[in-house]
Amino acid sequence: MKITYWESEYDLGGFMNVRKIGAVGATIAAAAAIAVSVPGQAFAANYALDGQDPVSAGCSSDATTIESATVYANDITGAYATVDLRYSVKCHAAWARIRTNDTEYSTYAWIDREQDAKAYSCHALTWSSSLGAYSCYTPVLYDLSPLQSRAEGNVQIGTTNFQGFTSYY
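Numbering-wise (the working numbering), the sequence shown opens with residue 376 and increments by one.
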């Protein structure tokens with residue numbers, strides 16, 4: 376009797392549906408596992424942000440300074456600058472900002488992305504009352520992991536160039 380019961384059309388159809396659902400579920404699970412295991416596939420990179428102004432792109436509203444580095448030139452004049460690596464979580468973007476109290480020397484900031492050497496710089500220092508210093512900031516670079524960028528500050532006195540670097544972030 377039990378053998379006949381399991382071979383009935385009703386139960387066989389139910390068994391087939393379970394197998395079909397199981398196969399579909401396994402396919403979906405495998406696709407999800409592949410999507411998660413392939414870096415960069417879950418989110419589209421937004422390289423369109425590269426080169427944009429961090430303020431007008433809306434990236435400065437949640438910006439934080441990840442790291443700062445000091446550019447020393449004390450052995451000649453005592454002049455120095457501080458370069459900041461700025462980052463926006465909202466934009467997944469990084470940029471460099473340099474601050475100094477001395478505009479006598481050529482001072483600039485540089486941001487570069489490690490993976491493709493894409494880079495931007497700024498040279499035109501303007502007074503920032505909120506920072507209490509002359510400063511400029513570079514355009515942004517898209518910087519969502521695994522991408523990494525770093526900031527560089529430069530002060531040129533005569534023919535000597537003094538530099539400070541942050542780590543890659």
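A virtual CB, placed ideally from N, CA and C, is assigned to each residue, including glycine.
By Cβ distance below 6 angstroms, which residues in the same chain neighbour residue i in space, the five residues on each side in sequence not counted?
i: Asp491; result: none
i: Ser435; result: Pro429
i: Ser503; result: Ser510
Have a look at the options and flag the residue whose alpha-carbon is nearest the alpha-carbon of residue i.
i: Thr541; options: Ser504, Ser520, Arg488; result: Arg488
i: Leu500; options: Ile473, Ala469, Tyr517; result: Ile473
i: Thr534; options: Asp425, Pro521, Thr482, Ala456; result: Thr482
i: Asn529; options: Tyr447, Gly507, Trp502, Lys493; result: Tyr447
i: Ala471; options: Lys465, Thr478, Tyr495; result: Tyr495
i: Gly426; options: Ser435, Tyr509, Val515, Lys493; result: Val515
i: Ala423; options: Trp485, Lys493, Ala444; result: Lys493
i: Thr445; options: Ser505, Ser503, Tyr455, Ser431; result: Tyr455
Report all residues from its chain with a CB closer than 8 angstroms to the CB of residue i; omit the five preceding and five following residues, and keep chain order.
i: Phe418; result: Because the pLDDT at Phe418 is just 45, under 50, the model does not fix this residue reliably, and the value given afterwards should be weighed accordingly. So the list reads Leu519, once near-sequence residues are dropped.
i: Tyr544; result: Ile441, Glu442, Leu460, Tyr462, Ala469, Asp518, Gln523, Ser524, Arg525
Exposed or buried, residue i, counting other C-beta atoms within 10 Å across all chains shown (16 or more means buried)?
i: Thr513; result: buried
i: His467; result: buried
i: Ala420; result: exposed
i: Thr478; result: exposed
i: Gly539; result: buried
i: Thr457; result: buried
Kindly list the residues whose CB is nearer than 7 angstroms to the CB of residue i, restricted to its own chain and excluding five residues on each side of it in sequence; keep chain order.
i: Asn536; result: Asn529
i: Cys497; result: Tyr483, Ala484, Cys511, Tyr512, Thr513
Express the C-alpha separation of residue j and residue i in angstroms, rounding to a whole number.
i: Asp437; j: Gln531; result: 32 angstroms
i: Thr475; j: Gly433; result: 25 angstroms
i: Ala508; j: Pro521; result: 33 angstroms
i: Lys465; j: Glu527; result: 23 angstroms
i: Leu506; j: Ile486; result: 20 angstroms
i: Ser431; j: Tyr480; result: 28 angstroms
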